[in-house]
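Chemist: For the sequence shown, numbering that gives the first Met the number 0 begins at 0 and goes up steadily by one.
Positions of the beta carbon are idealized from the N, C-alpha and C atoms, including for glycine.
Source: prediction; values computed, not measured.
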Amino acid sequence: MDKVKSGNDSENLAGLKKRKLQLKAESSSFVPSSLTKRSSKSPKAASLTQPIINETNVDQEELDKIIMQIINLKNKSLRDEAFKQLSLKIQEDKNLPSLLWHTPGVIVIMLQEIIITYPLLSNNQLDPTHMNKLINVLGLFQVIAQDPKTKLPFLKSNLHLYFYPLINTANKMRHYENLRVHSLAVIGALVKKDDNTEVINYLVKTELIVLCLRTMKKGTDMAKSVAIFIVRKILMNNAGLEFVCTTEERLQAVVDILKDMVNDMDRNQQTVTLSLAKQILRCFLRLSENMR
0 MDKVKSGNDS ENLAGLKKRK LQLKAESSSF VPSSLTKRSS KSPKAASLTQ PIINETNVDQ
60 EELDKIIMQI INLKNKSLRD EAFKQLSLKI QEDKNLPSLL WHTPGVIVIM LQEIIITYPL
120 LSNNQLDPTH MNKLINVLGL FQVIAQDPKT KLPFLKSNLH LYFYPLINTA NKMRHYENLR
180 VHSLAVIGAL VKKDDNTEVI NYLVKTELIV LCLRTMKKGT DMAKSVAIFI VRKILMNNAG
240 LEFVCTTEER LQAVVDILKD MVNDMDRNQQ TVTLSLAKQI LRCFLRLSEN MR
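(1) Would you give the residue range spanned by the alpha helix (DSSP H) that V198 belongs to?
(2) May I have the straight-line CA-CA distance separating M172 from P118, to the nearest angstrom?
(3) What are the boundary residues of the alpha helix (DSSP H) that K83 is part of?
(4) Taking V185 and L133 to be in contact with their CB atoms under 8 Å, please state how far apart those CB atoms are, rounded to whole angstroms.
(5) Just to confirm, is the Cβ distance from N200 to A238 under 7 Å?
(6) For I65, which of E248, I89, D126 has the nearest alpha-carbon?
(7) Quick check on DSSP: helix, strand or coil for M221?
(8) State whether the segment 99–106 contacts the segment 138–153, with contact taken as three or more CB pairs (one from each stretch) at a distance under 8 Å.
(9) If you draw a straight line from the C-alpha of R266 to the C-alpha of T214, how long is it?
(10) Only counting the same chain, and skipping five residues up and downstream in sequence, which positions put a Cβ closer than 6 Å to that of I227?
(11) Excluding sequence positions up to five away, which residues of its chain have a Cβ less than 6 Å from the Cβ of R231?
(12) Using the rule of at least 16 other Cβ atoms within 10 Å of the residue's Cβ for burial, across every protein chain shown, is L273 buried or exposed?
(13) My assumption, with CB atoms under 8 Å, is that L178 sits in contact with L165. Please give the rounded CB distance.
(14) Using 8 Å for Cβ pairs, my map puts E206 next to Y163. What's the rounded Cβ distance?
(15) Quick test of your reading: V243 and G187, contact by CB under 8 Å. State the CB separation rounded to the nearest angstrom.
(16) Start and end of the alpha helix (DSSP H) containing F162?
(17) For the putative contact between L98 and I69, defined by C-beta atoms under 8 Å, what is the C-beta separation to the nearest angstrom?
(18) Assuming V190 contacts L154 under a Cβ cut-off of 8 Å, what Cβ separation, rounded to an integer in Å, is found between them?
(19) Tell me the DSSP secondary structure of N267 in three-state form.
(20) Straight-line CA distance for N123 to N289?
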């Protein structure tokens, strides 16, 4: 009897060890191997982080906290808080975009949060609680779109297309407009830098200009400001200006919306913002540089 009991104990112990190894493998598979090797004192191990970590003097404790929150995204019960904590690190840690982009599964999880919003938009069921989480996700996408190392991979993966339905919402309620503004801000991050010909060439082939013009016509002042910023950045690029001015229909559509905005400003002088007026003027000046 003792031998049978001893044998069962050995089997249980072996099972526990096996499960422990499985859990360790699952957790390590979710984080890039270059990050798990960073704690090694070997120069070779440290060099493995170079494609991901931008800074040589990294606060290891803070880095570990960020990695833990990224791992927590895989757990549905911890996901909302993880998005919140990561969004607080947007301005503090320059490595966050690369960590998010290169950690397996994270972009898919973030996209899921965008996609599950589509039915809520069509049924007007987007509540403020879900909205707050979505804002955090959009903020993380924004830093990925803006970072030089992740911008083009983001664009070439056509991830920008997932934000168009959020921009195209027709609901005028405050949190819906807030969603539109933050979604536009992701696209704005793509075009923020001046030398963006490759980015512009990608974007003008989509319905982005139409969405921006629609927002410039019917959106709130904040949404209009972000939308016209995107249009101006497109026009400031030679490829973008050429695209808009190639056909009379495109050129007329842009000019008509700009004229409507000027007329609205004339009717509502007390609500005119100086920054919006400057953006409109710059668009007209840039269009005037084209021979058409």
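Modeler: In terms of the structure at hand:
(1) 196–202
(2) 17 Å
(3) 75–86
(4) Their Cβ separation, rounded to whole angstroms, is 12 Å, which puts V185 and L133 out of contact at 8 Å.
(5) yes
(6) I89
(7) helix
(8) yes
(9) 19 Å
(10) M215, Q278
(11) Q278, R281, C282
(12) exposed
(13) 6 Å
(14) 7 Å
(15) The Cβ separation is near 18 Å, so there is no contact.
(16) Taken as a continuous stretch (DSSP letters only), F162 belongs to no alpha helix (DSSP H), as it is neither H nor E.
(17) 6 Å
(18) Not quite, the Cβ-Cβ distance comes to about 10 Å (not below 8 Å), so this is no contact.
(19) coil
(20) 42 Å
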